[in-house]
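In our numbering, the protein residues as written are 45 to 250. Shown next, in structure tokens, is the structure this report addresses.
Okay, here's the thing in structure tokens:
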């Protein structure tokens, strides 16, 4: 399974300087090769896929779409290509096409974490927050080390579900997986302060 999927993290717009989160919602960056069993992909497929990924990273979305479609004609069994098309169509605001590509990816692998992450992002954009949470949780259940889904669970729980302690847990897990992220570290510090303050308030109320 070819897993160099471009993956959107989701925009935590309430955070100062967070318009472009890790991996960038608009300028999505390839997931590292270490996160996929690359030996299973034919060299020709890997080269072709990397070319499409480079075009996406460079912002040439039209050319990236053509490369991914050509890739799928030759190598139809790789869900990562469908996920990357879903990201392109998300950039264009075509939710129907996004869902089509997510469905295609999940038909190939029902627990493919990058596809579940994209499903969560689509649900969140459409105000379906509990459905988004379920998709992200399914992603981290299938792949506990999939950092982006933990990041998105942090965003969702803080900004939309108002569950600060759960948001903190997922941001801390994200930080463990990716190493030092100074921006996320600031958010973690702020959340720890707010969670502690809420706990003190609750204790006083009792």
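C-beta atoms are modelled at their ideal positions from N, C-alpha and C, and glycine is treated no differently.
Between the options, which lies nearest to residue i when the distance is taken from Cα to Cα?
{"i": "residue 236", "options": "216, 246, 226", "result": "216"}
{"i": "residue 191", "options": "206, 218, 176", "result": "218"}
{"i": "residue 148", "options": "138, 139, 159", "result": "159"}
{"i": "residue 93", "options": "140, 114, 204, 165", "result": "114"}
Three-state secondary structure (DSSP) at residue i?
{"i": "residue 170", "result": "coil"}
{"i": "residue 164", "result": "helix"}
{"i": "residue 155", "result": "coil"}
{"i": "residue 245", "result": "helix"}
{"i": "residue 195", "result": "helix"}
{"i": "residue 130", "result": "helix"}
Straight-line CA distance for residue i to residue j?
{"i": "residue 207", "j": "residue 213", "result": "10 Å"}
{"i": "residue 197", "j": "residue 116", "result": "30 Å"}
{"i": "residue 195", "j": "residue 86", "result": "31 Å"}
{"i": "residue 112", "j": "residue 174", "result": "31 Å"}
{"i": "residue 102", "j": "residue 243", "result": "46 Å"}
{"i": "residue 199", "j": "residue 187", "result": "19 Å"}
{"i": "residue 193", "j": "residue 245", "result": "31 Å"}
{"i": "residue 163", "j": "residue 180", "result": "8 Å"}
{"i": "residue 166", "j": "residue 221", "result": "24 Å"}
Taking its Cβ as the centre, do 16 or more other Cβ atoms sit within 10 Å of residue i, making it buried, or is it exposed?
{"i": "residue 233", "result": "exposed"}
{"i": "residue 56", "result": "Per-residue confidence for residue 56 stands at a pLDDT of 36, beneath the threshold of 50, marking its modelled position as unreliable; the derived number appears in the next sentence. So residue 56 counts as buried."}
{"i": "residue 168", "result": "buried"}
{"i": "residue 224", "result": "exposed"}
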